[in-house]
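Colleague: Our numbering applies: residue 134 is where the sequence shown begins, and numbers increase by one. Yeah, the Cβ is synthetic: ideal placement off N, Cα and C, and Gly gets one too. Only a predicted model underlies this, so the values are computations on that prediction, with no experimental measurement involved.
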Amino acid sequence: MEQMKVGQYVLTWLDGGVTHLDGGAMFGVVPKPLWSKKYPCNDLNQIELRTDPILIQGAGKNILIEAGIGNAKLTDKQKRNFGVTAEAHLEESLAELGLTLEEIDLILMTHLHFDHATGLTRWRDGELVPTFENAAIWTTETEWAEMRHPNIRSRNTYWEQNWRPIEDRVRTFKETVEIAEGIVLHHTGGHSDGHAIVTIESDGECAVHMADLMPTHAHHNVLWVLAYDDYPMDSIQQKLKWLPYGVNRGAWFTFYHDAFYRAIKMDEKGTILEAVERRT
134 MEQMKVGQYV LTWLDGGVTH LDGGAMFGVV PKPLWSKKYP CNDLNQIELR TDPILIQGAG
194 KNILIEAGIG NAKLTDKQKR NFGVTAEAHL EESLAELGLT LEEIDLILMT HLHFDHATGL
254 TRWRDGELVP TFENAAIWTT ETEWAEMRHP NIRSRNTYWE QNWRPIEDRV RTFKETVEIA
314 EGIVLHHTGG HSDGHAIVTI ESDGECAVHM ADLMPTHAHH NVLWVLAYDD YPMDSIQQKL
374 KWLPYGVNRG AWFTFYHDAF YRAIKMDEKG TILEAVERRT
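(1) If I'm right that H153 touches E199 with Cβ under 8 angstroms, what's the distance once you round it to whole angstroms?
(2) Assuming R304 contacts A269 under a Cβ cut-off of 8 angstroms, what Cβ separation, rounded to an integer in Å, is found between them?
(3) Need the endpoints of the alpha helix (DSSP H) that I369 sits in, please.
(4) Starting from L188, follow the beta strand (DSSP E) in both directions and report where the run begins and ends.
(5) List in chain order: all unbroken alpha helix (DSSP H) runs of 4+ residues lying wholly within the stretch 185-239.
(6) Near E401, which residues of its chain fall below 6 angstroms by C-beta distance, leaving aside the five closest residues on each side in sequence?
(7) Does the Cβ of T208 have 16 or more other Cβ atoms within 10 Å, making it buried, or fewer, making it exposed?
(8) As an exercise, report each continuous beta strand (DSSP E) stretch of at least 3 residues that is fully enclosed by the stretch 302-359, in chain order.
(9) Should A192 and A313 be called a contact, given that it needs their Cβ atoms to be closer than 7 angstroms?
(10) Does DSSP put D248 in a helix, a strand or coil?
(11) Name, in chain order, the residues that DSSP records as bridge partners for I397.
(12) To the nearest angstrom, how far is the alpha carbon of P186 from that of P166?
(13) Can you look up Q294 in the DSSP assignment and give me helix, strand or coil?
(14) DSSP three-state label for A147, please.
(15) Hey, would you say G403 sits closer than 7 angstroms to H353, going by beta carbons?
If you want it as structure tokens, here you go:
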């Protein structure tokens, strides 16, 4: 497992599973000859996208960003359609660190699409229960409302099996909330109406988790937004705000989906200055 430090906090990437989604959808209107130079695809035009939660340890807390793809939650048809070639091994990843599922204190959900939220629940004795039974789960008020009342488009990604068992664990906020010292969730919209990002600032160091506003290193161009985005102009505006915020602070940009990098530092042109590579 890859690790890095941001001030007092230690970040560790867990094994949350992997999907393979259509490259055209992931890069929207960007022509394939452009995006495929920066992020490879397979013969089916799919790109590899990890679903690996980030464990943050510090300030006496064990905090997760996102929850992975889960286990035994997807049908064979869903696995085929979403290119799932491996499910999550979060329990095993935590065990390597001397932790259990019960020791996770907080979960920061940037949004609640299936590839982020399916790991929030699991099967036990034929019943769906919270995976992290002692954790408070944070998301935006907007996202939580749409999760429970999806529209004709979003119902394909907001699933009742992912929210019903954990509804008493959920905590919501409107615009910003500081979860722990220097760890802040910011409501951005864009990818979904309730989408949020995470900033971590500690001892003069900074990290920005852009979530699905910049799901991979290849999405650093502010105009390269996903066809999956519900509000693409909002995604562009938020990238115009938060990418310079991170670059000007020499921040690490961390990833949940990137199959090649866990985190990068970059300049204003998107040139990678430092990187934590994913070990394959």
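Modeller: Taking the geometry as given:
(1) About 18 angstroms; that fails the 8 angstroms criterion.
(2) For a cut-off of 8 angstroms, the C-beta gap from R304 to A269 is around 5 angstroms, short enough to register as a contact.
(3) Residues 365-381.
(4) From DSSP, the beta strand (DSSP E) with L188 extends over 187-191.
(5) Fully enclosed alpha helix (DSSP H) runs of 4 or longer: 209-214, 223-229.
(6) Answer for E401: V380, listed in chain order.
(7) Burial call: exposed.
(8) Here the runs fully enclosed are 303-306, 309-313, 316-320, 329-335, 338-342.
(9) Judged by their CB atoms, A192 and A313 are nearer to each other than the 7 angstroms cut-off.
(10) DSSP places D248 within a helical segment (H, G or I) once states are collapsed to three.
(11) According to DSSP, I397 bridges with F386, A408.
(12) Between P186 and P166, the C-alpha separation is close to 31 angstroms.
(13) Three-state DSSP puts Q294 in a helix.
(14) Contrary to the premise, residue 147 reads as Leu rather than Ala in this sequence. If DSSP states are grouped into helix, strand and coil, L147 belongs with coil.
(15) In this structure, H353 lies closer than 7 angstroms to G403 by Cβ.
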